[in-house]
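Working notes for the structure below.
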Amino acid sequence: GAGVSQSPSNKVTEKGKDVELRCDPISGHTALYWYRQSLGQGLEFLIYFQGNSAPDKSGLPSDRFSAERTGGSVSTLTIQRTQQEDSAVYLCASSFSRDTEAFFGQGTRLTVV
Amino acid sequence: DAKTTQPPSMDCAEGRAANLPCNHSTISGNEYVYWYRQIHSQGPQYIIHGLKNNETNEMASLIITEDRKSSTLILPHATLRDTAVYYCIVRATAGANNLFFGTGTRLTVIP
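Going down the list, the sequences are from chains R and L.
Numbered as in the numbering used here, the first sequence ends at 167 without a single skipped number.
Numbered as in the numbering used here, the second sequence ends at 122 without a single skipped number.
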């Protein structure tokens, strides 16, 4: 597809379970971002990738959160031992380079019950 | 320390120009200003970005003051589908990688 694709679109999980969220960026985009958005709130930065490396992990809220990117393409955000406060929409974006416009996916809505 | 300051809400009559202001007084000399919008339940949509010169594309125009401390996004003929939250965005700090999304302006286009 032409845009950023995220899966699943919705995920309901029990407290304490691990979840993996996937992002397929636009082909050829070297920069990739993860954000999250809680209900009625603004976007909170989580992590930035340039290629396969993550020079900026400053936004990850705890060590339960991790992310990787392989082949300069697909990225996975993993949340271990989920908590109710992790419930949010997780958004992925990619851009050709750091200073060009970023394109967002439609997000994964995570609900921890 | 706010990276950007925007009015929380604005109304605009359908068919009229919508002018959305943003202050970004701490922007560094080589950082861009980006504008995005978010329509309810969707991912943010890129609108336009600029460095020093005014910019125009098929969606909007961006006017940046000479001192680069503020900018205005102009939607020339607002439609009901332009109702959204509009974010003016700069890097969180000089040289930072993340785009800082503030609280944005909720624009309501009125029929």
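We treat Cβ as the ideally placed atom computed from N, Cα and C, and that holds for glycine.
Thinking C-alpha only, which one of G126/R, Q137/R and T154/R is nearest E68/R? Taking only the C-alpha atoms, the option nearest E68/R is Q137/R.
What does DSSP give as the partner residue(s) for D22/L in the beta ladder? D22/L is bridged to T119/L.
With burial defined as no fewer than 16 other Cβ atoms inside 10 Å of the residue's Cβ, what is the status of T15/L: buried or exposed? buried
Return the CA-CA distance between G161/R and S61/R, expressed in angstroms with no decimal places. Between G161/R and S61/R, the C-alpha separation is close to 8 Å.
For the stretch 93 to 106 of chain R, list every residue whose C-beta sits within 7 Å of some C-beta in chain L, in sequence order. G96, L97, F99 and Y102
Do you know offhand how far Y89/R's Cα is from I101/R's? Near 7 Å, if we compare the C-alpha coordinates of I101/R and Y89/R.
Pairwise C-alpha distance: S63/R and D78/R: 13 Å
Give a yes or no on whether the C-beta atoms belonging to T90/L and V44/L are separated by under 8 Å. Between T90/L and V44/L, the CB-CB gap reaches or exceeds 8 Å.
By DSSP, does E139/R sit in helix, in strand, or in coil? helix
Only counting the same chain, and skipping five residues up and downstream in sequence, which positions put a Cβ closer than 6 Å to that of I50/L? Closer than 6 Å at the Cβ level, and outside the excluded window around I50/L, lie A95.
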